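Enquirer: Chains as they are written, first to last, in my numbering: chain U, 1264 to 1782; chain C, 145 to 407.
We put the CB at the ideal spot given by N, CA and C, even for glycine.
As the structure is a computational prediction, the values presented were derived from the model and not from experiment.
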Amino acid sequence: MRSKLALDAGLVRSCRAAAARVAAQVAEATAGRSSVAVERTVARMLGVDGVDPHDVPLPNALVDHVAELDGLPRGVAAWVGNAMVATERTAAEVAAAVGAGELSLGELPWAEREPIERAIADAHAATIAAMRARCAERDALRERLGEQARPHRYVLTATGNVYEDRDHALAVAEAGGDIIAVIRSTAQSLLDFVPFGPTTEGYGGTFATQANFRIMREALDEWSRANGRYVRLSSFCSGLCMPEIAAMGAAEGLDNMVNDALYGILYRDLNIQRTMIDQRVSRAVNGRFGIVINTGEDNYLRTADAIDAAPSVVASQFINYFLARDCGVPDAQIAIGNSFEIAPSVENGLLYEWAHAQLTRELFPECPVKYMPPTKHMDGNLFMTHACDTLFNLITVATDQEIQTIGIPTEGIFTPHIHDRVLGMECSNYVFTAARSLADEIEFKPDGFIVRRAHEVLREAHAMLEEIVEIGLFAALERATFGDVSRTLEGGRGADGIFDVASDYLNPLAGAVEAPAGV
Amino acid sequence: MSSVAQRASLDAVRPYGDHLDDGLVQLSFTLPVDHGPLAREAALALVRDKMGLIKPEIVHAKPLTPGYTYFVLFAQCQHAVDCDRLAAVRTATRAMSEEEVDAFVAERLGRPIVVIGASTGTDTHSVGIDSILNLKGFDGRHGLEAYHWFRAHNLGSQVPNTALLAKAFDVEADAILVSQTVTQQGLHLHNLTELVELVEAEGKRRDLLLVCGGPRITDELAKELGFDAGFSKGTYPNDVAAFIAQELAARERPPVDAAAPEL
Ligand code: B12
Chain U
1264 MRSKLALDAG LVRSCRAAAA RVAAQVAEAT AGRSSVAVER TVARMLGVDG
1314 VDPHDVPLPN ALVDHVAELD GLPRGVAAWV GNAMVATERT AAEVAAAVGA
1364 GELSLGELPW AEREPIERAI ADAHAATIAA MRARCAERDA LRERLGEQAR
1414 PHRYVLTATG NVYEDRDHAL AVAEAGGDII AVIRSTAQSL LDFVPFGPTT
1464 EGYGGTFATQ ANFRIMREAL DEWSRANGRY VRLSSFCSGL CMPEIAAMGA
1514 AEGLDNMVND ALYGILYRDL NIQRTMIDQR VSRAVNGRFG IVINTGEDNY
1564 LRTADAIDAA PSVVASQFIN YFLARDCGVP DAQIAIGNSF EIAPSVENGL
1614 LYEWAHAQLT RELFPECPVK YMPPTKHMDG NLFMTHACDT LFNLITVATD
1664 QEIQTIGIPT EGIFTPHIHD RVLGMECSNY VFTAARSLAD EIEFKPDGFI
1714 VRRAHEVLRE AHAMLEEIVE IGLFAALERA TFGDVSRTLE GGRGADGIFD
1764 VASDYLNPLA GAVEAPAGV
Chain C
145 MSSVAQRASL DAVRPYGDHL DDGLVQLSFT LPVDHGPLAR EAALALVRDK
195 MGLIKPEIVH AKPLTPGYTY FVLFAQCQHA VDCDRLAAVR TATRAMSEEE
245 VDAFVAERLG RPIVVIGAST GTDTHSVGID SILNLKGFDG RHGLEAYHWF
295 RAHNLGSQVP NTALLAKAFD VEADAILVSQ TVTQQGLHLH NLTELVELVE
345 AEGKRRDLLL VCGGPRITDE LAKELGFDAG FSKGTYPNDV AAFIAQELAA
395 RERPPVDAAA PEL
């Protein structure tokens, strides 16, 4: 990709080097630690699912049981593996027995290490094989049915009822949508468990459950086959169950997932360290199974000024990118987030947006950058929102964004009604068609507003990154570097779910969690 | 120059399109019916026979997915309202700037007003309450933190009602300010009602001003739920400050003629 902005390649390299260093610092700071969510993910990756007689999800029942034995430092896998060897049951059967109160893992004698590791490796391999097959099936279906030209239109449903979401998703598919994302219910992020089964009651979103994923995937597959065009499914890996939701997504053949390293910290007040540990495993799982992740820098512009905060968006994009790379997510699966959030009253606001969007595009040439619509300044005047969305659509196509979350006229009022999304889609379709090759036609004036602004943002982002390397990401978060939100290392929810792993810690998600030094 | 509107009489007000009293309204909705003549007839019948509008006209109809059709219609409203017979909806608060509020509090109360606010329950939206309370304020106007005669405490978002109340007692707050943004399935109603109940259970309802706000909150809703006032989109910090100051002044030193408070 040729740079239309004539960016300073040395400066870009320096940004990347600084961000890579920040990611490495985070990995170092969290090495040797795991969390209850990571352990529940391990349980799921061994085939544990379902609920106990009190409706407690079995991964929770199991991990809570091991925690009561003070056994987490060994890793839940060690306990399950031992029980598998001793009782000749599968991991799922062990968890069910524990959940039913029929089996106490603390009462079993410890077997040799070797058979335990073998039992775990086999169980894990079986899950991996099933997920790989799911992933291959997706690739084949996408290949066979085909997809539309990019930008891909990403559309949210959020009725609270998975069956209503299903109908809304089909309406989006009819209107030309490429990716359907079911947004989670309010407060799911704060739950330290994933609800089980299909759900019909959510607030401002629908619970992310494995059954809900399946219901949506089946409906979209049916539509895709009938209409000869593949429609993708997305959800959210955020909150206290980031890694578990990633595993569920892999099991059910999701194509995309929102997976931002910092979102939970900044916008749900989750503990920094807990989130850093969880995001690593979550993203490792997404990366392994072909799921495209979306980062969420757009959010900063909702709590901070969209012009002032532009450099922090770029700094965060680099950090988010390297944190993802660090756990094995390839470039083609990292959809870097950016957004169109400048107040409509700002003179030349469109030029600023153009500069920012083009900058993101050029900084991450191998990534499917994802563009978000105006939200913060949208209000009850839905016609004005529609007008703003039109310009947003123009920038999307003119800067070669690959994924676009479509703008919806009722953004400032409620989660969309079934026809609101279709109106948004019509606007997107119109602009994408009418301006399809606009990006190819455009060159920027070398000393013009857009080029100058892009350089300015990059320079300031670079300065921020240099400072973050100096003080570390955690201190930067405390100083409200992102979104004007300040968070402390010890504060926030979920810190009680972190623990230090022992020297004999067992976790089959190899490489996802570092062993402590010297082991 | 007199506009057409000035010539209309307030005792029979109808919607206006381009001719006085034409009653024109626009509607859009989806029916869970397959696109086709039946769906069209259903839309027209609904508007004409049940909504009480006349001459409905479908100007746009679109199938969304099997089983759903979207409509845009125009119709005429023949009914009218008599504005003179409407109960006064708003409590009259005199508009005041930041400086005017400060001067008013200094003169009428002679002590700082303590306010505490939060976005409660599981609601993570903090921009609304921040723009009322924080120094930076909203749209170029300072938040209450900047006022000389206000002491503002902002607990942020996702704050349980119980925690907010405990802290309110702690700082001896005059007013509690609650923000609610997520309203889907009536989530905010539960949260707001719970706060009022907690305050009443403590026997402190009379000692505290309860104010709520958010994009979908109205003054009427707030009062219905037991709050003293509610504020919506477009609220400036000085609007809230003026209300709190005037209300406290009225309560601490009620005007002589209570029936006709003059502020
Ligand atoms: C920013 C934003 C976010 C940010 C919030 C960041 C933060 N720390 O605040 C993030 C990205 C985190 C977010 C998350 C979610 N959001 Co949101 N968000 C918005 C957005 C874009 C802007 C809101 C905003 O900041 N407005 C600017 C402020 C200044 O306006 P305001 O809040 O109305 O405040 C003014 C007045 O109302 C009043 N006021 C407000 N509070 C108070 C209090 C008092 C006491 C007083 C006197 C006055 C007052 O004064 C203010 C100044 O005038 C709106 C869309 C929109 N344009 O409204 C969606 C929106 C509010 N979000 C929505 C939803 C559904 C969510 C989620 C539930 C999505 C999900 N399923 O995850 C989550 C929330 C999860 C949770 N646990 O709460 C919906 C709400 C739908 C509804 N009616 O229920 C909206 C409308 C978007 C949509 N169309 O779907 N969101």
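Thinking C-alpha only, which one of U:Glu1485, U:Arg1565, U:Arg1429, U:Thr1678 is nearest Ser275 of chain C?
Expert: As a working mapping, residue 275 of chain C is identified with position 131 in the second sequence. When only C-alpha atoms are compared, the closest one is U:Arg1565.
Enquirer: Taking Cβ-Cβ distances shorter than 9 angstroms, what residues in chain U pair up with Gln324 of chain C?
Expert: The residue you call residue 324 of chain C lines up with position 180 of the second sequence. Those do not exist, as Gln324 of chain C stays about 11 angstroms from chain U at its closest Cβ, beyond 9 angstroms.
Enquirer: Does His334 of chain C pass the burial test, meaning 16 or more other C-beta atoms within 10 Å, or should it be called exposed?
Expert: By one-based count along the second sequence, residue 334 of chain C stands at place 190. Looking at its Cβ environment, which holds fewer than 16 other Cβ atoms inside 10 Å, His334 of chain C is exposed.
Enquirer: State yes or no: is the beta carbon of Glu1406 of chain U nearer than 8 angstroms to at least one beta carbon in chain C?
Expert: Within the first sequence, residue 1406 of chain U is the residue found at index 143, counting from 1. Under the 8 angstroms criterion on CB atoms, Glu1406 of chain U is classed as non-interfacial with respect to chain C.
Enquirer: Please decide whether Phe1745 of chain U counts as near chain C, where near means a Cβ-Cβ distance under 8 angstroms.
Expert: Here residue 1745 of chain U corresponds to residue number 482 of the first sequence, with the count starting at 1. Judged by the 8 angstroms Cβ criterion, Phe1745 of chain U is not in contact with chain C.
Enquirer: Measure from the C-beta of Phe1762 of chain U to each C-beta in chain C and report whether the shortest distance is under 8 angstroms.
Expert: Position 499 of the first sequence, counted from the start, is the residue given in the question as residue 1762 of chain U. False, the Cβ-Cβ gap to chain C never drops below 8 angstroms.
Enquirer: Does Tyr212 of chain C get closer than 8 angstroms to chain U when you measure Cβ to Cβ?
Expert: Taking the second sequence and counting its residues from 1, the one referred to as residue 212 of chain C is at position 68. Judged by the 8 angstroms Cβ criterion, Tyr212 of chain C is in contact with chain U.
Enquirer: Less than 7 angstroms between the CB of Tyr1530 of chain U and some heavy atom of the ligand B12, yes or no?
Expert: As a working mapping, residue 1530 of chain U is identified with position 267 in the first sequence. Checking the Cβ of Tyr1530 of chain U against the ligand B12 gives yes.
Enquirer: For the ligand B12, I want to know if Ser1237 of chain U counts as a neighbour, meaning its beta carbon is within less than 7 angstroms of at least one of the ligand's heavy atoms.
Expert: Any question about residue 1237 of chain U goes unanswered here, given that chain U covers just 1264 to 1782.
Enquirer: In terms of alpha-carbon separation, which member of C:Gly330, C:Ala345, C:Gly358, C:Leu339 lies closest to Gly1465 of chain U?
Expert: Numbered from 1 along the first sequence, position 202 holds the residue referred to as residue 1465 of chain U. For Gly1465 of chain U, the nearest C-alpha among the options comes from C:Gly330.
Enquirer: Do you know whose CA, among U:Gly1439, U:Cys1504, U:Arg1413, U:Asp1430, lies nearest Ala1450 of chain U's CA?
Expert: Numbered from its first residue, the first sequence carries residue 1450 of chain U at position 187. Cα-wise, what sits closest to Ala1450 of chain U is U:Cys1504.
Enquirer: Give the DSSP-derived three-state secondary structure of Met1635 of chain U in the structure shown.
Expert: Sequence index remark: in the first sequence, residue 1635 of chain U carries index 372 (1-based). Correct three-state label for Met1635 of chain U: strand.
Enquirer: Please list, in chain order, the residues of the segment 360-388 of chain C that have any C-beta partner in chain U closer than 7 angstroms.
Expert: Within the segment 360-388 of chain C, the residues whose Cβ lies closer than 7 angstroms to some Cβ of chain U are Lys377, listed in chain order.
Enquirer: Runs of 4 residues minimum, wholly inside the segment 164-247 of chain C: which ones carry the alpha helix (DSSP H) assignment?
Expert: Qualifying alpha helix (DSSP H) stretches, in chain order: 181-189.
Enquirer: Hey, out of U:Arg1265, U:Asp1271, U:Glu1485, whose CA is closest to His1718 of chain U's CA?
Expert: Stepping through the first sequence from its first residue, residue 1718 of chain U is reached at position 455. For the residues U:Arg1265, U:Asp1271, U:Glu1485, the minimum Cα distance to His1718 of chain U belongs to U:Asp1271.
Enquirer: Which residues in chain U have a C-beta closer than 7 angstroms to the C-beta of Thr264 of chain C? List them in chain order.
Expert: Position 120 of the second sequence, counted from the first residue, corresponds to residue 264 of chain C. Per Cβ cutoff of 7 angstroms: no residues; Thr264 of chain C is ~12 angstroms from chain U at best.
Enquirer: Tell whether a beta-carbon distance below 8 angstroms holds between Cys1630 of chain U and Asp1594 of chain U.
Expert: Translated into the one-based positions of the first sequence, residue 1630 of chain U becomes position 367. Translated into the one-based positions of the first sequence, residue 1594 of chain U becomes position 331. Remark: C-beta atoms of Cys1630 of chain U and Asp1594 of chain U approach each other more closely than 8 angstroms.
Enquirer: In chain C, which residues lie with their C-beta within 8 angstroms of the C-beta of Ile1535 of chain U?
Expert: Working through the first sequence from its first residue, we reach residue 1535 of chain U at position 272. Under the 8 angstroms cutoff, chain C gives no residues; its nearest Cβ is about 16 angstroms from Ile1535 of chain U.
Enquirer: Where Glu1560 of chain U and Lys1633 of chain U are concerned, what is the direct C-alpha to C-alpha distance, given to the nearest angstrom?
Expert: Position 297 of the first sequence, counted from the start, is the residue given in the question as residue 1560 of chain U. Position 370 of the first sequence, counted from the start, is the residue given in the question as residue 1633 of chain U. In a straight line, the C-alpha of Glu1560 of chain U is about 10 angstroms away from that of Lys1633 of chain U.
Enquirer: Could you tell me the distance, in whole angstroms, from the CA atom of Ala1444 of chain U to the CA atom of Asp162 of chain C?
Expert: Taking the first residue of the first sequence as position 1, residue 1444 of chain U is located at position 181. Taking the first residue of the second sequence as position 1, residue 162 of chain C is located at position 18. Computed Cα separation, rounded: 43 angstroms.
Enquirer: Thinking just about the alpha-carbon of each residue, which of U:Met1647, U:Ile1605, U:His1640 is nearest to the one in Ile1658 of chain U?
Expert: Taking the first sequence and counting its residues from 1, one reaches residue 1658 of chain U at position 395. Of U:Met1647, U:Ile1605, U:His1640, the residue nearest in Cα terms is U:Ile1605.
Enquirer: Is the segment 1398-1413 of chain U touching the segment 1470-1490 of chain U in the sense that three or more CB pairs, one from each, lie closer than 8 angstroms?
Expert: yes
Enquirer: Using 8 angstroms as the Cβ pair cut-off and three pairs as the minimum, do the segment 1529-1539 of chain U and the segment 1738-1754 of chain U touch?
Expert: yes
Enquirer: Along chain U, in chain order, which residues have C-beta atoms closer than 8 angstroms to that of Leu331 of chain C?
Expert: As a first step, residue 331 of chain C must be located in the second sequence, where it is residue number 187. Correct list: Thr1449, Tyr1466, Gly1467.
Enquirer: Using a Cβ-Cβ cut-off of 7 angstroms (strictly less than) and excluding sequence neighbours within five positions of Val343 of chain C, which residues of its own chain qualify?
Expert: If you number the second sequence from 1, residue 343 of chain C lands on position 199. Taken in chain order, the residues that qualify are Leu309, Arg349, Leu352, Leu354.
Enquirer: Identify the continuous beta strand (DSSP E) that holds His1415 of chain U and give its terminal residues.
Expert: The sequence position of residue 1415 of chain U within the first sequence is 152, counting from 1. Note, His1415 of chain U: beta strand (DSSP E), 1415-1420.
Enquirer: When burial is assigned at 16 or more other CB atoms within 10 Å of the CB, is Cys227 of chain C buried or exposed?
Expert: Locating residue 227 of chain C in the second sequence gives position 83, counting from the first residue. Burial call: exposed.
Enquirer: For Gln390 of chain C, is the beta carbon positioned less than 7 angstroms from some heavy atom of the ligand B12?
Expert: For the purposes of this step, residue 390 of chain C is taken as the residue at position 246 of the second sequence. No, the beta carbon of Gln390 of chain C sits no closer than 7 angstroms to any heavy atom of the ligand B12.
Enquirer: Three or more C-beta pairs under 8 angstroms: does that hold for the segment 1377-1396 of chain U against the segment 1636-1650 of chain U?
Expert: Too few Cβ pairs lie closer than 8 angstroms, so no.
Enquirer: How would you write the range of the beta strand (DSSP E) that Asp314 of chain C sits in, first residue to last?
Expert: Taking the second sequence and counting its residues from 1, one reaches residue 314 of chain C at position 170. Counted as a single uninterrupted DSSP element, the stretch harbouring Asp314 of chain C is not any beta strand (DSSP E) but the alpha helix (DSSP H) occupying residues 305-314.
Enquirer: So, with DSSP's three-state summary, where would you put Ser1448 of chain U?
Expert: Translated into positions along the first sequence, residue 1448 of chain U becomes position 185. The answer is coil: DSSP assigns Ser1448 of chain U none of H, G, I, E or B.
Enquirer: Who are the neighbours of Thr209 of chain C on chain U, taking C-beta pairs under 7 angstroms?
Expert: Your numbering for residue 209 of chain C matches position 65 in the second sequence. Going along chain U in sequence order, the residues near Thr209 of chain C (Cβ under 7 angstroms) are Asp1430, Leu1433, Ala1434, Glu1437.
Enquirer: Distance cutoff 8 angstroms, beta carbons only. Does Leu407 of chain C sit that close to anything in chain U?
Expert: Your numbering for residue 407 of chain C matches position 263 in the second sequence. With a pLDDT of 45 at Leu407 of chain C, under the threshold of 50, the modelled position of this residue cannot be trusted, and the question is left open.
Enquirer: What is the DSSP secondary structure of Arg1381 of chain U, counted as helix, strand or coil?
Expert: The count along the first sequence starts at 1 and reaches residue 1381 of chain U at position 118. DSSP places Arg1381 of chain U in helix when its eight states are reduced to three.
Enquirer: So, are the CB atoms of Ser263 of chain C and Ser323 of chain C less than 8 angstroms apart?
Expert: Here residue 263 of chain C corresponds to residue number 119 of the second sequence, with the count starting at 1. Here residue 323 of chain C corresponds to residue number 179 of the second sequence, with the count starting at 1. Their beta carbons are under 8 angstroms apart, which means Ser263 of chain C touches Ser323 of chain C by this criterion.
Enquirer: Any heavy atom of the ligand B12 closer than 7 angstroms to the beta-carbon of Ser376 of chain C?
Expert: Locating residue 376 of chain C in the second sequence gives position 232, counting from the first residue. Yes; taking the cut-off as 7 angstroms, the Cβ of Ser376 of chain C has a heavy atom of the ligand B12 nearer than that.
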